[in-house]
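Visitor: Counting from 1, position 134 in the sequence shown corresponds to residue 134 in the UniProt record's numbering; the numbering is continuous, with no gaps. Ideal placement from N, C-alpha and C gives every residue a C-beta, glycine not left out. Just so it is clear, the structure is predicted and the values come from calculations on it, not from any experiment. Got a structure for you, questions after.
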Amino acid sequence: MFVGVCRLTLLAPQCHSLKEKRSVLRKIKDRTRGRFHLGLTEVAAQDTWQRLVLGFSITGCERDRVEQRLDEVVRFIERMGLASTAEDERELVHFGPERFGAERFGAGPAHAEAGAADEWMPESWQQALRASEDERSADASEMSADASEDEGDD
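Written as structure tokens, this is what we have:
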């Protein structure tokens with residue numbers, strides 16, 4: 001899995017108040033959400049009138065596709081013409097077995113040595129669980145026997 005993160009700094013010189021800035025920000029966020037189904041967050045400079053710092057992320061299985069989608073979102077925001085791009089910071093991170101080690105994903109020796117899934121339970125709980133399973137098994141056997149008798153009666 002690849003995660004692309006973008007921190008986009010925009011300048012909106014036409015804004016002379018926080019109210020005007022929020023209006024521009026709302027338009028950018030709404031249009032981007034509608035087109036790409038992703039959320040933008042204002043991550044810095046909340047108290048400045050003419051500077052917007054937005055953050056968003058995209059995930060995917062293919063590195064090239066994630067990079068392409070980051071480009072598409074940035075170009076879309078630029079083409080709106082509501083603000084100009086001052087800075088575009090990006091980072092692409094790969095998450096997978098080779099990043100953390102196969103053991104973390106249940107593919108290595110650590111998983112094989114982990115033992116039974118219920119080892120963590122106190123012995124009294126394990127006994128109660130076994131008794132419950134035995135009881136269910138007995139009930140199922142009785143139902144099966146009853147069904148066999150009913151078929152024989154026909």
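Do L8 and I77 count as a contact pair if the criterion is CB distance below 9 Å?
Guide: Their beta carbons are under 9 Å apart, which means I77 touches L8 by this criterion.
Visitor: Verify the contact flag: A44, CB atom, against every heavy atom of the ligand MN, threshold strictly below 8 Å.
Guide: By its list of ligands, the structure shown contains no ligand whatsoever, and the ligand MN lies outside what it can speak to.
Visitor: Run through DSSP, which three-state label would A44 get?
Guide: Three-state result, A44: strand.
Visitor: Kindly list the residues whose CB is nearer than 7 Å to the CB of A12, restricted to its own chain and excluding five residues on each side of it in sequence; keep chain order.
Guide: Taken in chain order, the residues that qualify are K21, V24, Q50, L52, L82, A83.
Visitor: Would you say L82 faces chain D, with C-beta separation under 9 Å as the test?
Guide: Although the question refers to chain D, the structure presented lacks it and comprises just one protein chain.
Visitor: Please classify Q14: does DSSP put it in a helix, a strand, or coil?
Guide: It is coil, neither helix nor strand.
Visitor: Give me, in chain order, the residues of the same chain whose beta-carbon lies closer than 8 Å to that of L18; leave out the 5 immediate sequence neighbours on both sides.
Guide: Here the set comprises D47, W49.
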